[in-house]
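Read through the structure below, which is laid out as structure tokens, and then see the notes.
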Amino acid sequence: MAAKWARRRFLTVTGAAAGLALTAGLPMASTATAARPRDYPFTLGVASGDPLPDGVVIWTRLAPDPLEPFGGMRYGTKVEVRWEVAEDEGFRKVVRRGTTFAVSEFAYSVHVDVRGLRPSAEYHYRFMAGSDVSPVGRTKTAPAAGARLSALNFAFVSCQHRVVGHYTAYQHMLQEDLDVVFHLGDYIYEGPDQGTLGRGHYPVRTLATLDDFRIRLAQYKTDPHLQAAHAAFPWIVTLDDHEVLSDWVSKYSYYHPQESFEQFLIRRANAFRAYWEHMPLRLSQLPKGPDMPLYRRFGFGDLAEFSVLDTRQYRDDQLHNGGNAPPDEQTRDPARQMIGARQERWLFDGLAASGATWNVLAQQVFFSQLDLDLDDAKERYVMDAWDGYEAQRNRIVDYMHDRNIANPVVLTGDVHANNACEIKKNFDDPGSATVGVELVGTSISSSGDGADTDPGRDALASQLPHIKYYNVQRGYVRCEVTPDLWRTDFKVVPYVSRPGAPIRTDATLFVENGRPGLQFG
């Protein structure tokens, strides 16, 4: 692929794509069908997200025919949608209500930033369009800033490839008492795969147009277990690569080298627009063409602060064609960026100002060193992960160590496997200081059933002393955080190729406040 763009060239095409994304010039593939007014419009359920001490975003989308353009609504119209937030599920104690409009410009999605709520409070919400009433959702606000908090319960998930498995993990998650759920990326998969489970992709092609992305996202959101998990808890979301194209970086994807930068930025604008339309995100996250402000910070009293990172939009190109390679001068170049210089400064400023007991990075790709070569005399790393951006990772680790940042924890998705790692000051020296821990969650369904053990990866993990735990089954990760202790339960199901799998806790690990490192329960 061509070399990196000059900044002026990038801004020129970015601006062009921004203009296209808000006009009819953006590819939309087909015309809208007429709405059938009596069809139930809330087929995609409800969701809430990005909780603050005084508010939360509530979401729905009118889509009587989810797999039709515009969800089967009549293009160019607007529909009045009423909403209510109550202290009880029966809506006898309504505390906030209002009216908004679902419009074709945003695919008839509804994002309401509800404010004036109480901190650390549970609420129920619903929407109404005409005589139709949505399912009822449950949400919860964050604690007041700096408030003393005795416990926080949350889960994190990623990678839910529809065609290869059922979302059974979400069905079990509904039994948990959670304050929030983090989704760390790969909410959809963009490819044409048909699968063999009766869960094939629609549209059948690799996604490119705005209609393509809207329909695929709607298809994923028809899953009843995913809908139920959204309705049960507030979510904080960030995207990875498959929401756009596999292994994409700021300007293009290695899987589509024939696509020009201009073409890719239009594809990216389509993907971002549809993603925002289908997620409980604030208006401040609304994309401007191919740009979407996604990194942001959430505080949960004095107990935990979460910096949600964006490791895709601002990164430099992957080296060595995005494959696996030994380290060299390029991979160790201090100028190479995974999150960009501005986001790095934002991260450091937030960590320095934090008064939280636990400081968490919620992000997408493997952070700790992961040498894939079984030969001790050789090294081979994934260029799409932080090993391909070694200098910036080292700056983050050094900053945490040198500034004595309290109890750093990194949450990760992407790799379809559970891992628990100790973050070392120097990964090449097992005896160096442990700075924090990384918790890597497996997929909801991606890569299929998985296995309790994998001989090759077990052998690999045995050579990497900072990796304390490894598993390749599907599931989610549950964390219970108190001022003294962080408990992590790795929840797994034995199969996803058919519904109904039981769930079990494969491992429980602890981190003590002030003692970086992992202990088995």
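Going by the numbering used here, the first residue of the sequence shown is number 71, and it counts up by one from there. Even glycine gets a Cβ: it sits at the ideal position worked out from N, Cα and C. Keep in mind it's a predicted model, so treat the numbers as computed, not measured.
For residue i, count the other beta carbons within 10 Å of its own beta carbon; 16 or more makes it buried, fewer makes it exposed. Which is it?
{"i": "residue 590", "result": "exposed"}
{"i": "residue 169", "result": "exposed"}
{"i": "residue 264", "result": "exposed"}
{"i": "residue 382", "result": "buried"}
{"i": "residue 582", "result": "exposed"}
{"i": "residue 448", "result": "exposed"}
{"i": "residue 561", "result": "buried"}
{"i": "residue 19", "result": "The structure shown does not extend to residue 19, since the chain is modelled only from 71 through 591, so no value can be given for it."}
{"i": "residue 392", "result": "buried"}
{"i": "residue 257", "result": "buried"}
{"i": "residue 572", "result": "exposed"}
{"i": "residue 360", "result": "buried"}
{"i": "residue 568", "result": "exposed"}
{"i": "residue 328", "result": "exposed"}
{"i": "residue 110", "result": "exposed"}
{"i": "residue 159", "result": "exposed"}
{"i": "residue 480", "result": "buried"}
{"i": "residue 526", "result": "exposed"}
Cα separation between residue i and residue j?
{"i": "residue 303", "j": "residue 468", "result": "35 Å"}
{"i": "residue 456", "j": "residue 180", "result": "36 Å"}
{"i": "residue 105", "j": "residue 442", "result": "Low confidence applies here, because residue 105 scores a pLDDT of 41, under 50, leaving its location unreliable and the question unanswered by this model."}
{"i": "residue 305", "j": "residue 253", "result": "7 Å"}
{"i": "residue 151", "j": "residue 130", "result": "10 Å"}
{"i": "residue 136", "j": "residue 114", "result": "8 Å"}
{"i": "residue 123", "j": "residue 422", "result": "22 Å"}
{"i": "residue 408", "j": "residue 398", "result": "17 Å"}
{"i": "residue 198", "j": "residue 205", "result": "10 Å"}
{"i": "residue 112", "j": "residue 291", "result": "11 Å"}
{"i": "residue 405", "j": "residue 185", "result": "41 Å"}
{"i": "residue 518", "j": "residue 543", "result": "9 Å"}
{"i": "residue 521", "j": "residue 259", "result": "22 Å"}
{"i": "residue 116", "j": "residue 300", "result": "7 Å"}
{"i": "residue 433", "j": "residue 378", "result": "6 Å"}
{"i": "residue 267", "j": "residue 177", "result": "29 Å"}
{"i": "residue 413", "j": "residue 396", "result": "27 Å"}
{"i": "residue 281", "j": "residue 348", "result": "13 Å"}
{"i": "residue 311", "j": "residue 436", "result": "14 Å"}
{"i": "residue 278", "j": "residue 342", "result": "12 Å"}
{"i": "residue 319", "j": "residue 255", "result": "14 Å"}
{"i": "residue 190", "j": "residue 585", "result": "28 Å"}
{"i": "residue 524", "j": "residue 483", "result": "19 Å"}
{"i": "residue 132", "j": "residue 288", "result": "11 Å"}
{"i": "residue 498", "j": "residue 534", "result": "10 Å"}
{"i": "residue 315", "j": "residue 340", "result": "12 Å"}
{"i": "residue 595", "j": "residue 554", "result": "In this structure the chain extends from 71 to 591, so residue 595 is not present and cannot be described."}
{"i": "residue 140", "j": "residue 426", "result": "43 Å"}
Output needed for residue i: all residues of its chain with C-beta closer than 6 Å, excluding positions within five of it in sequence on either side, in chain order.
{"i": "residue 452", "result": "394"}
{"i": "residue 321", "result": "331"}
{"i": "residue 460", "result": "401, 402"}
{"i": "residue 262", "result": "274, 275, 276"}
{"i": "residue 295", "result": "237, 240, 241"}
{"i": "residue 173", "result": "148"}
{"i": "residue 297", "result": "115"}
{"i": "residue 284", "result": "177, 344"}
{"i": "residue 227", "result": "253, 514, 546"}
Where does residue i fall in DSSP's three states?
{"i": "residue 246", "result": "coil"}
{"i": "residue 343", "result": "helix"}
{"i": "residue 575", "result": "strand"}
{"i": "residue 93", "result": "Per-residue confidence for residue 93 stands at a pLDDT of 33, beneath the threshold of 50, marking its modelled position as unreliable; no derived number is given."}
{"i": "residue 143", "result": "coil"}
{"i": "residue 286", "result": "helix"}
{"i": "residue 354", "result": "helix"}
{"i": "residue 458", "result": "helix"}
{"i": "residue 551", "result": "strand"}
{"i": "residue 546", "result": "strand"}
{"i": "residue 474", "result": "coil"}
{"i": "residue 583", "result": "coil"}
{"i": "residue 240", "result": "helix"}
{"i": "residue 312", "result": "coil"}
Based on DSSP bridge pairs, tell me the residues matched to residue i.
{"i": "residue 479", "result": "430, 507"}
{"i": "residue 229", "result": "DSSP lists no partner for residue 229."}
{"i": "residue 409", "result": "Partner(s): none; residue 409 has no beta bridge."}
{"i": "residue 619", "result": "The structure shown does not extend to residue 619, since the chain is modelled only from 71 to 591, so the question has no answer here."}
{"i": "residue 334", "result": "DSSP, once it has assigned bridges, lists no residue as partnering residue 334."}
{"i": "residue 197", "result": "153"}
Leaving aside the five residues before and after residue i along the sequence, list all residues of the same chain whose C-beta is less than 7 Å from its C-beta, in chain order.
{"i": "residue 492", "result": "504, 507, 536, 538, 587, 588"}
{"i": "residue 218", "result": "371, 372"}
Would you say the beta carbon of residue i is closer than 8 Å to some non-hydrogen atom of the ligand GTP?
{"i": "residue 134", "result": "With respect to the ligand GTP, the structure offers nothing, as it holds no ligand at all."}
Checking contacts by CB at 9 Å: is residue i closer than that to chain D?
{"i": "residue 500", "result": "No chain D is present in this structure, which holds just one protein chain."}
Given residue i, which residues of its chain have a CB within under 8 Å of its CB, disregarding the five upstream and five downstream residues?
{"i": "residue 532", "result": "none"}
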